[in-house]
Amino acid sequence: MASPDRGTVHRDLRLSTKALVGAQVMASNLVGASTVLFLAGYVLPTQSLVSDLDEALEWNLAAFTYYVAIAVVVGLVWGWAWVRVPSPPTADAREEAWQRHRRSARHAVLSMPLRISVIQAVPWLVAVALFASINAMFSFTVALTVGCVVALGGIATVAVGYRLSELALRREVARVLSEDPPTRMGLLPGIAARSLGAWVLGTAVPLLGVALAGVAALLWDDYYTVTQLGWVVLVLAVVALGVGLLLTALTSTSLAAPVMSVRRALRRVQDGDLDVTLEVTDPTELGVLQAGFNEMAAGLRERDQIRELFGRHVGQEVARAAMDGDLELGGEVREVAVLFVDLVGSTEMAFDRPPQEVVAVLNAFFAEVVDVVESHRGWIDKFEGDAVLAVFGAPHDMVDAAGAALSAARALADRLDAPESPARAGIGVSAGPTVAGNIGDARRYEYTVIGDPVNEAARLCDVAKGLDGRVAASGAAIDRADDGEAARWTEVDVVRLRGRQRATHVHAPRERAGTG
């Protein structure tokens with residue numbers, strides 16, 4: 001069942017927007033008509049071509065007054081009936097009905113500037129025929145002159161009205177494009193057409209008027225005096241400057257605003273803010289650019305989410321290396337340090353406590369381990385039941401990996417000894433050469449480390465549980481650590497660990513060697 005809040009536009013354009021469009025259209029047409037009347041009546045040399053100038057002015061003024069009133073009323077009625085968005089279907093309508101409504105609403109909104117231009121152009125075309133016919137009663141030359149002036153004025157007025165309606169409808173265009181962004185050129189002119197149109201209407205049309213005045217002066221010797229020709233050129237130049245400036249300002253605004261929005265959004269992405277979505281406000285190439293940015297940002301967010309999810313499963317360091325394409329199936333020999341942590345009394349806890357409580361304790365314990373390991377630049381290789389294997393020095397090289405692992409072991413022991421600690425654990429540390437890489441099949445593999453240091457650290461966990469401080473490190477780890485960290489440890493025993501031929505020199509933190 002469709003919901004009335006899920007379509008693109010679920011009602012007609014807001015009254016305020018309609019009123020704004022209507023006011024802009026009326027204002028542009030009244031200004032254009034008044035300018036044409038001024039040019040035809042007081043700038044062009046019609047008085048030298050009409051024998052009864054007063055009668056001609058009366059006819060033209062009467063026609064102007066009545067025609068403007070009729071044209072405004074007809075234009076408003078026609079516009080309010082034609083320039084509208086279809087009503088939405090009922091709330092219980094099928095999905096197909098809502099899809100049809102979205103398509104029709106999108107088409108209606110995007111075609112509004114063009115429809116408004118048609119509504120403006122038709123009265124101007126009628127005006128050309130009307131005023132040319134009226135003035136033909138007095139002089140063919142005057143009829144031709146007035147007809148050309150009205151036509152040029154209508155072209156400029158329709159162009160300005162088109163640009164104004166584009167600006168007024170930006171919010172509505174954004175509403176329909178929010179659910180159906182443009183993927184190609186829409187109904188409105190593209191960037192090249194807008195720029196060319198601004199030049200044609202702001203420069204070419206006024207210059208055409210100057211050219212027509214020059215042609216008339218050349219064809220008819222008595223058409224202009226030098227003073228009259230000077231005034232015609234001066235007035236047309238002023239009109240050209242004004243109309244050209246207005247059209248250029250409107251066009252540059254319509255082009256610059258979407259580009260600036262993309263630029264600001266790109267800056268946010270560069271600063272690391274991926275939670276940015278642009279409002280698509282233009283159905284041309286600029287709208288395609290805005291929609292393309294949104295697709296790019298969505299892809300970056302999805303990639304970031306995948307990296308985050310991937311990192312939770314394999315560790316952030318391994319995830320970054322995999323996303324960068326640095327990891328392949330196979331292994332390499334790397335010098336690493338290994339920290340193994342094993343919970344004390346997990347078997348009894350699983351027997352004595354409810355499963356939910358056991359899981360809660362394990363998660364709290366693992367959270368402590370992960371926090372300490374990551375703060376010391378290590379990563380969690382895997383969780384093995386109630387044990388944790390952490391690695392320092394892979395997949396990327398790390399300065400003093402053994403020192404970092406030993407420091408992490410001391411810090412973790414302090415955290416787990418705190419009264420609020422969720423559990424106690426044995427901690428074993430070793431270091432040395434291992435095989436690090438992706439182990440498994442091309443269809444399913446994981447990054448891990450394999451070697452004697454891993455086995456030694458796991459065995460040292462059992463030794464640590466019997467020590468007062470519950471932390472044990474191998475001599476190999478102490479030998480590879482920097483002097484500052486190595487000085488914090490002392491040898492407490494020499495043992496032969498299960499599965500090993502050589503004896504292991506067991507070390508414990510000095511501050512814990514005598515504590516219970």
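Everything in the sequence shown is counted per UniProt numbering, starting at 1 for the first residue and increasing by one.
All C-beta atoms, glycine included, are put in the ideal place defined by N, C-alpha and C.
- Ranked by how close their Cα comes to the Cα of residue 83, the residues 106, 61, 64 and 63 have 106 in first place.
- Within the same chain, 446 come within 7 Å of residue 440 by CB-CB distance, once the 5 residues on both sides are set aside.
- Between the C-alpha atoms of residue 407 and residue 499 there is a straight-line separation of about 27 Å.
- In terms of Cα proximity to residue 207, the closest of 501, 78 and 152 is 152.
- If you look at residue 494, you'll find it in the beta strand (DSSP E) that goes 489-495.
- Judged by DSSP secondary structure, residue 506 falls within the beta strand (DSSP E) whose first and last residues are 504-509.
- Residue 213 has its alpha-carbon roughly 9 Å from the corresponding atom of residue 145.
- Cβ atoms of residue 239 and residue 150 stay farther apart than 8 Å, at about 14 Å.
- Within its own chain, the residues whose Cβ lies closer than 6 Å to the Cβ of residue 481, once the five positions on either side in sequence are excluded, are 402, 403 and 406, listed in chain order.
- In the three-state reduction of the DSSP assignment, residue 476 falls in the helix class.
- Remark: C-beta atoms of residue 73 and residue 30 do not approach each other more closely than 9 Å.
- Of the candidates 61, 458, 286 and 300, the residue whose Cα lies closest to the Cα of residue 177 is 286.
- If you ignore the 5 residues before and after residue 274, its C-beta comes within less than 8 Å of the C-beta of 297, 300, 301 and 304, all in its own chain and listed in chain order.
- For a cut-off of 8 Å, the C-beta gap from residue 423 to residue 337 is around 24 Å, too long to register as a contact.
- In summary, residue 396 is exposed, with fewer than 16 beta-carbon neighbours lying within 10 Å of its beta-carbon over all protein chains present.
- Between the alpha carbons of residue 99 and residue 59 lies a gap of roughly 54 Å.
- Pairing residue 428 with residue 377 gives a Cβ-Cβ distance that is not under 9 Å.
- Beta-bridge annotation (DSSP): residue 430 is paired with 338.
- Exclusion of the five residues before and after residue 364 leaves 422 as the residues of its chain whose Cβ lies within less than 6 Å of its Cβ.
- Counting C-beta atoms within 10 angstroms of its own C-beta, residue 375 has fewer than 16 neighbours from the protein chains shown and is therefore classed as exposed.
- Under DSSP, residue 465 takes part in no beta bridge, so it has no partner.
- Burial check for residue 456: the Cβ neighbour count within 10 Å reaches 16 or more, so the residue is buried.
- Nearest in C-alpha terms to residue 57, of all of 134, 472 and 129, is 134.
- By the neighbour-count criterion, in which 16 or more other beta carbons inside 10 Å mark a residue as buried, residue 66 falls on the exposed side.
- Residue 477 and residue 438 have their C-alpha atoms spaced approximately 24 Å apart.
- Taking 9 Å as the cut-off, the beta carbon of residue 390 is found no closer than this to the beta carbon of residue 471.
- Proximity to residue 217 across 394, 233, 104 and 371 peaks at 233, based on C-alpha coordinates.
- The three-state secondary structure of residue 61, taken from DSSP, is helix.
- Residue nearest to residue 475 within the set 450, 503 and 461 is 503 (criterion: CA-CA distance).
- By the beta-carbon neighbour count (other beta carbons within 10 angstroms, threshold 16), residue 393 is buried.
- Apart from sequence neighbours up to five positions away, the residues of its chain that approach residue 268 with a beta-carbon distance below 8 Å are 276, ordered along the chain.
- Inclusion of residue 411 and residue 372 in the CB contact set at 9 Å is warranted, their separation being smaller than that value.
- Less than 9 Å divides the Cβ of residue 435 from the Cβ of residue 333.
- Taking a C-beta distance under 9 Å as the contact criterion, residue 251 and residue 198 qualify as a contact pair.
- Cβ atoms of residue 369 and residue 344 stay farther apart than 8 Å, at about 13 Å.
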